[in-house]
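Residue numbers (our numbering), protein chains in the order written: chain V, 127 to 243; chain D, 22 to 135.
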């Protein structure tokens with residue numbers, strides 16, 4: 127089974143500053159999808175950003191961008207101009223596009239982000 | 022358009038009791054999933070369904086059963102609850118278009134088994 131590792135259990139950032147959350151994964155596949163989900167105290171899982179492995183261009187969504195390094199199997203999330211509402215648990219997730227694991231999401235353990243005013 | 026809804030939001034059970042968690046989606050999605058989330062862990066897949074009438078085991082299926090009698094509903098059953106099943110349960114649904122798929126999550130159900 128694929129494994130997803132988030133090595134930072136906790137991170138903190140000052141409001142308006144930039145923070146980067148790390149994620150690495152292990153897979154033998156060449157085609158796959160990667161996601162970052164945000165889970166605020168409400169517990170709702172909210173999709174932040176997605177990346178297709180076949181795309182070399184890094185995905186961006188407003189203040190959120192990723193640094194996808196396929197050879198290194200690294201998928202970090204950068205949050206620019208951090209806001210108080212960004213405080214949440216962030217999960218990195220992997221999805222295989224085929225085979226017996228079709229459609230399944232494999233999650234990391236999460237990084238708790240605190241934003242200081 | 023309510024998205025993905027889960028019933029109930031919170032429940033307390035005694036060991037050995039049974040219950041069913043209901044997940045409903047109004048987006049006409051083919052795929053539905055049940056996950057559990059434990060402290061310090063990411064979500065782990067319990068069971069999933071790729072269409073009405075079909076289900077399959079995920080990563081941690083023991084102690085759970087599921088049914089997908091209607092496309093919009095995915096039920097998770099605990100026949101004999103155990104304290105180890107204390108967790109937060111998330112349902113998700115998704116569709117695939119042009120090779121892309123994104124899972125949409127419900128708000129979660131907190132279950133405490135005493």
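Yeah, the Cβ is synthetic: ideal placement off N, Cα and C, and Gly gets one too. Just so it is clear, the structure is predicted and the values come from calculations on it, not from any experiment.
Residue pairing by DSSP leaves residue 181(V) without any beta bridge partner.
Proximity of chain V to residue 124(D) at the Cβ level (cut-off 7 Å) is accounted for by 231, in chain order. No residue range can be given for residue 197(V), since it is assigned to no beta strand (DSSP E) and is classified by DSSP as neither H nor E.
Listed along chain D, no residue sits closer than 7 Å to residue 194(V) by beta-carbon distance, the nearest being about 16 Å off. With respect to the 9 Å criterion, residue 216(V) and residue 183(V) are not classified as neighbours on the basis of their beta carbons.
If you draw a straight line from the Cα of residue 98(D) to the Cα of residue 143(V), it comes to about 45 Å.
If you check each beta-carbon in the segment 170–202 of chain V against every beta-carbon of chain D, the ones closer than 7 Å belong to 170, 171, 173, 176. The segment 153–161 of chain V makes contact with the segment 174–183 of chain V: 3 or more CB pairs, one atom from each, lie closer than 8 Å. In the three-state DSSP reduction, residue 212(V) falls in the helix class (H, G or I). Going by DSSP, residue 70(D) is part of the beta strand (DSSP E) stretching over 64–72.
By the beta-carbon neighbour count (other beta carbons within 10 angstroms, threshold 16), residue 70(D) is buried. For chain V, the residues of the segment 49–63 of chain D that bring a beta carbon within less than 9 Å of one of its beta carbons are 52, 54, 56, 58, 61, 62, 63, in chain order. In the three-state DSSP reduction, residue 93(D) falls in the coil class, being neither helix nor strand.
If you draw a straight line from the Cα of residue 30(D) to the Cα of residue 170(V), it is about 12 Å long. Secondary-structure assignment with DSSP links residue 221(V) through a beta bridge to 159(V), 231(V). The C-beta of residue 113(D) comes closer than 9 Å to at least one C-beta of chain V.
The beta-carbon of residue 234(V) is placed less than 9 Å from the nearest beta-carbon of chain D. Residue 73(D) is outside the set of residues whose beta carbon lies under 9 Å from a beta carbon in chain V. Following the DSSP letters along the chain, one finds residue 32(D) inside the beta strand (DSSP E) bounded by residues 31–34.
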